[in-house]
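Chemist: Residue numbers (UniProt numbering): 1 to 364. Every residue gets a Cβ at the ideal spot worked out from N, C-alpha and C, and that includes glycine.
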């Protein structure tokens, strides 16, 4: 026996249609009542079907069904649970949003995330900054309605700049936005200062800027540099962040960090030869999420990835085919709880993960 329930979403009525097959007999019902043979002392498929019909289609409560059928509420509940266990009830939701909800669920499971937020991309002109930025703005607003954040850290980049432009003005006077990565001399609107101050302005919060370059010049002692009081005070804030908003980039000219932020003596070829496929907070990772360039990490002025692990909420906003590998690496490293991306990238991430699973199965 199968019960298939369809709700006509596009219609102007709440019309329901269902087809039930009971012991080789078919009953077709369209917006009407039905009679199903029911044995009073045994939960046959006919009885289960009648209970499910009233529960799912007529939207009656279990207590109402029990009273109408002159049985106990426990028996009604058991019939519903048995129908679920046997796969007798199948509900189809006709909505264009279902595919995206399913994509988010699959992505969450595949990458081991707490949450995935997937925005619809413009597939003709794949500008991933705007849709992902808008999705991040919506997600951040939602979290701030329920979370009691006192401070959160921000990286920088075009996607975060797009998110700021989509945020509605809010008031969080007791909250602080903390820059967690040094900046470059170019790209001021989406650089360290522009992003931290931009979020703070939109959210009605305070902000704290990491006034330092992203990479120290060769020969400068990092520990000595960070011993300056202002920097020491700023770095101390990393220990109490309630959340971080991260981005990532690959090792190519598409990355602003690679094209404008790397020290002169460090080239993309050097990084790729070391196994790097991208960076998070200026620290380069391989496909498995391992750090590959300790010399570069030692020159980076930003939040160490080891500290990122301790932050309660780790949100990454990233999209694009060129970022698939580094997104997966960041997730593998445990740097991401919530991923905000677009559906094009989500599909590529799932395909890449499926290929890895397939290869592992063949090796076993």
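For residue 195 and residue 157, what's the separation of their Cα atoms in angstroms?
Modeler: Whole-angstrom Cα-Cα distance: 8 Å.
Chemist: How many angstroms separate the CA atom of residue 302 from the CA atom of residue 293?
Modeler: Cα-Cα distance, rounded: 15 Å.
Chemist: Less than 8 Å between the CB atoms is what I'm expecting for residue 313 and residue 279, so what's the real figure, rounded?
Modeler: That pair is no contact at about 21 Å.
Chemist: Taking the alpha-carbon of residue 273 as reference, which of 306, 178, 64, 285 has the nearest alpha-carbon?
Modeler: Of the candidates 306, 178, 64, 285, the one whose C-alpha sits nearest the C-alpha of residue 273 is 285.
Chemist: Whose CA, out of 150, 325, 290, 317, lies closest to the CA of residue 118?
Modeler: Of the candidates 150, 325, 290, 317, the one whose C-alpha sits nearest the C-alpha of residue 118 is 317.
Chemist: Could you check whether residue 331 and residue 167 sit closer than 8 Å to each other, using their CB atoms as the reference points?
Modeler: The answer is no: Cβ separation not under 8 Å.
Chemist: Three-state secondary structure (DSSP) at residue 136?
Modeler: Reduced to three states, the DSSP call for residue 136 is helix.
Chemist: Please return the same chain residues whose Cβ sits closer than 7 Å to the Cβ of residue 25, not counting the five positions on each side in sequence.
Modeler: Since pLDDT at residue 25 reaches only 32, below the 50 mark, its modelled position is unreliable, and no value is offered.
Chemist: Over what stretch of residues does the alpha helix (DSSP H) that includes residue 234 continue unbroken?
Modeler: Its alpha helix (DSSP H) spans residues 229-236.
Chemist: Around the C-beta of residue 325, are 16 or more other C-beta atoms found within 10 angstroms, so that it is buried, or is it exposed?
Modeler: Its Cβ being crowded by 16 or more others within 10 Å, residue 325 is buried.
Chemist: Does the contact criterion of 3 or more C-beta pairs under 8 Å hold for the region 195-208 versus the region 162-178?
Modeler: Flag = yes, the region 195-208 and the region 162-178 touch.
Chemist: Any contact between the region 236-253 and the region 219-227? By contact I mean 3 or more CB pairs, one from each, below 8 Å.
Modeler: No: the two stretches stay apart, fewer than three of their Cβ pairs being nearer than 8 Å.
Chemist: So what's residue 207 in DSSP terms, helix, strand or just coil?
Modeler: Residue 207 falls in the strand class under three-state DSSP.
Chemist: What does the Cβ neighbour count give for residue 176, buried or exposed, with the cut at 16 atoms within 10 Å?
Modeler: By the neighbour-count rule (16 or more Cβ atoms within 10 Å), residue 176 is buried.
Chemist: Taking C-beta to C-beta, are residue 120 and residue 100 nearer than 8 Å?
Modeler: In this structure, residue 100 lies closer than 8 Å to residue 120 by Cβ.
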